[in-house]
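Participant: Sharing a structure below in structure tokens format, with a few things to ask.
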């Protein structure tokens, strides 16, 4: 999940009741001694005991240094989004694609207490943008919320802190965290990824790892990505360049520039509805994994789009969704 600052919390199943999500992130975890009962596809996820986890904590954080910070949506009328590369030199900070990094903003809140930890999905591969594993990258949108009724303006603490950083600045970090929103190890697995806005961060890491580092991926990778305008198409050049990879399919939705079949705004769930037959086919294969990351409002739309198609062919999306969750093949991070 992600707070109002855009901070991702790896508690993937809290609050999304329509999605059959458990009230605790541990409720659907399979004990290590019972892994033999898992589906063959779920068993090919990384072994939990090998996943780097919480190596740096609030009471003993690591200190990273800003290498570079680049605006991803120059010219956009919407709040800026930045790609921030942090040096991990001097730290022991291995991580996997899909994990998150904690950031400790400096200063005190209105109650005189230190600002709370914010978690952000890492947007780079385990080898970092430097290719040596000495950096980790974050995708951060500056959070500025305006209240029309009062004229009040709220500035998200962590996002504005991060977006204001300059090369050379030091940042206190924790983590890495997250043991669920990870790539399967099976190179023949199919991935369906759905993102809005900065929810693209973990999928950038996924795709760059599969196509630039592993290079043995045989499964299909399908990405649905929704943003407001083409100027907000985060990492658009990188994603477009991946279209030549066999098995990779990219579907974009620009809600302020395109219309759907009913004449309304084109959202990511509308693109999914257009590809409902593809999704029905893939999501019935035992080696397909569904990942959803982005704004919480996207969930109901996705649910509706899939429910409608499943009903047309005599199926039941709610039941199928539960099976995906039980098989550990559906992972959700929404905020």
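Residue numbers (UniProt numbering): 1 to 335. The beta-carbon is built from N, C-alpha and C at its ideal position, and this holds for glycine as well. All values derive from a computational prediction rather than experimental measurement.
#1: Using 8 Å as the threshold, is the stretch 172 to 185 in touch with the stretch 96 to 104, meaning 3 or more CB pairs across them?
#2: Check whether the stretch 208 to 223 touches the stretch 297 to 306, counting contact only when three or more Cβ pairs, one atom from each stretch, lie closer than 8 Å.
#3: If you count every other CB in all the chains shown that lies within 10 Å of the CB of residue 27, and 16 or more means buried, which is it?
#4: Does DSSP put residue 193 in a helix, a strand or coil?
#5: In chain order, what are the residue ranges of uninterrupted alpha helix (DSSP H) at least 4 long that sit wholly in the stretch 269 to 331?
#6: I'd like the list of long-range same chain contacts for residue 105, defined as Cβ closer than 6 Å, with 5 residues on each side in sequence excluded.
#7: CB residue 233 to CB residue 252, shorter than 9 Å?
#8: In whole angstroms, what separates the C-alpha of residue 259 from that of residue 275?
#9: Can you give the beta carbon distance from residue 86 to residue 65, rounded, assuming they're within the 8 Å contact cut?
#10: Starting from residue 152, trace the beta strand (DSSP E) both ways and give me its first and last residue.
#11: Let me know if residue 209 comes out buried or exposed under the rule of 16 or more other beta-carbons within 10 Å of its beta-carbon.
#12: Can you check the UniProt domain "FAD-binding FR-type" (59 to 183) for any alpha helix (DSSP H) of at least 4 residues that lies completely inside it and give the ranges in chain order?
#13: Leaving out five residues before and five after residue 230 in sequence, what residues of the same chain have Cβ atoms less than 8 Å from its Cβ?
#14: With a threshold of 8 Å on Cβ separation, who are the neighbours of residue 295 within its own chain once the five nearest residues in sequence on each side are excluded?
#15: Cβ of residue 298 within 9 Å of Cβ of residue 194?
#16: Does the stretch 138 to 158 come close enough to the stretch 108 to 124 to have 3 or more Cβ pairs within less than 8 Å?
#17: DSSP beta-bridge partners for residue 333?
#18: Tell me the DSSP secondary structure of residue 210 in three-state form.
#19: Excluding the 5 residues preceding and the 5 following residue 220 in the sequence, name in chain order all residues of the same chain whose CB lies nearer than 6 Å to its CB.
#20: Work out the CA separation of residue 171 and residue 164 for me, nearest whole Å.
#21: Let me check one thing: in DSSP terms, what residues is residue 224 bridge-paired to?
#22: Would you identify the three-state DSSP class for residue 215, choosing helix, strand or coil?
#23: If you measure between the beta carbons of residue 349 and residue 280, is that distance less than 9 Å?
#24: Use the C-beta contact count for residue 218: other C-beta atoms within 10 angstroms, 16 or more gives buried, fewer gives exposed.
#25: Measure the alpha-carbon distance for residue 169 versus residue 128 and round it to whole angstroms.
#26: Taking residue 231 as part of the alpha helix (DSSP H), name the residues at either end of that continuous run.
#27: If you measure between the beta carbons of residue 242 and residue 176, is that distance less than 9 Å?
#28: Exposed or buried, what is residue 269 when buried is set at 16 or more other beta-carbons lying within 10 Å of its beta-carbon?
#29: Excluding the 5 residues preceding and the 5 following residue 89 in the sequence, name in chain order all residues of the same chain whose CB lies nearer than 8 Å to its CB.
#30: Consult DSSP for residue 243 and reduce its assignment to one of helix, strand or coil.
#31: Out of 117, 69 and 265, which has the shortest C-alpha to C-alpha gap to residue 57?
Facilitator: Per the coordinate set shown:
#1: yes
#2: no
#3: By one-based count along the chain shown, residue 27 stands at place 27. Low per-residue confidence applies at residue 27: pLDDT is 25, beneath 50, and the placement is therefore not dependable enough to give any value.
#4: The residue you call residue 193 lines up with position 193 of the chain shown. Residue 193: strand per DSSP, three-state reduction.
#5: 276 to 283, 298 to 312 and 317 to 326
#6: Reading the chain shown from its first residue, position 105 is the one you call residue 105. The residues are 115, 157, 158 and 161.
#7: Along the chain shown, one-based indexing puts residue 233 at 233. Along the chain shown, one-based indexing puts residue 252 at 252. Contact: yes.
#8: In the chain shown, counting from the first residue as 1, residue 259 sits at position 259. In the chain shown, counting from the first residue as 1, residue 275 sits at position 275. So the two alpha carbons sit approximately 16 Å from each other.
#9: Within the chain shown, residue 86 is the residue found at index 86, counting from 1. Within the chain shown, residue 65 is the residue found at index 65, counting from 1. Between residue 65 and residue 86 the Cβ distance is about 7 Å, and since that is below 8 Å, they are a contact.
#10: Your numbering for residue 152 matches position 152 in the chain shown. Residue 152 -> beta strand (DSSP E) spans 152 to 155.
#11: As a first step, residue 209 must be located in the chain shown, where it is residue number 209. Counting Cβ neighbours within 10 Å, residue 209 comes out buried, since at least 16 surround it.
#12: 157 to 163
#13: Working through the chain shown from its first residue, we reach residue 230 at position 230. Excluding sequence neighbours, residue 230 sits near 236, 254 and 257.
#14: For the purposes of this step, residue 295 is taken as residue 295 along the chain shown, with counting starting at 1. Cβ within range, chain order: 196, 197, 199, 334 and 335.
#15: The residue labelled residue 298 in the question sits at position 298 within the chain shown. The residue labelled residue 194 in the question sits at position 194 within the chain shown. Yes, the Cβ-Cβ distance between residue 298 and residue 194 is below 9 Å.
#16: yes
#17: Along the chain shown, one-based indexing puts residue 333 at 333. According to DSSP, residue 333 bridges with 293.
#18: Residue numbering aside, residue 210 sits at position 210 when the chain shown is read from its first letter. The answer is helix: DSSP assigns residue 210 an H, G or I state.
#19: Reading the chain shown from its first residue, position 220 is the one you call residue 220. Around residue 220: 190 and 247.
#20: Walking along the chain shown from the start, residue 164 turns up at place 164. Walking along the chain shown from the start, residue 171 turns up at place 171. Those two C-alpha atoms are separated by around 12 Å.
#21: Along the chain shown, one-based indexing puts residue 224 at 224. Residue 224 is bridged to 194 and 251.
#22: Mapped onto the chain shown, residue 215 falls at position 215. Of the three classes helix, strand and coil, the one that applies to residue 215 here is coil, per DSSP.
#23: Since the first and last residues shown for the chain are 1 and 335, residue 349 lies out of range.
#24: As a working note, residue 218 is residue 218 in the chain shown. Residue 218 comes out exposed.
#25: As a working note, residue 169 is residue 169 in the chain shown. As a working note, residue 128 is residue 128 in the chain shown. Looking at the two C-alpha atoms, the distance is approximately 19 Å.
#26: Taking the chain shown and counting its residues from 1, one reaches residue 231 at position 231. Neither: residue 231 is in no alpha helix (DSSP H) and is coded neither H nor E.
#27: Mapped onto the chain shown, residue 242 falls at position 242. Mapped onto the chain shown, residue 176 falls at position 176. No. Outside cutoff.
#28: Locating residue 269 in the chain shown gives position 269, where the first residue counts as 1. Classification of residue 269: buried, given that the 10 Å Cβ count is 16 or more.
#29: The count along the chain shown starts at 1 and reaches residue 89 at position 89. Closer than 8 Å at Cβ, skipping near neighbours: 65 and 134.
#30: Walking along the chain shown from the start, residue 243 turns up at place 243. Residue state, collapsed to three classes: helix.
#31: Your numbering for residue 57 matches position 57 in the chain shown. Of the candidates 117, 69 and 265, the one whose C-alpha sits nearest the C-alpha of residue 57 is 117.
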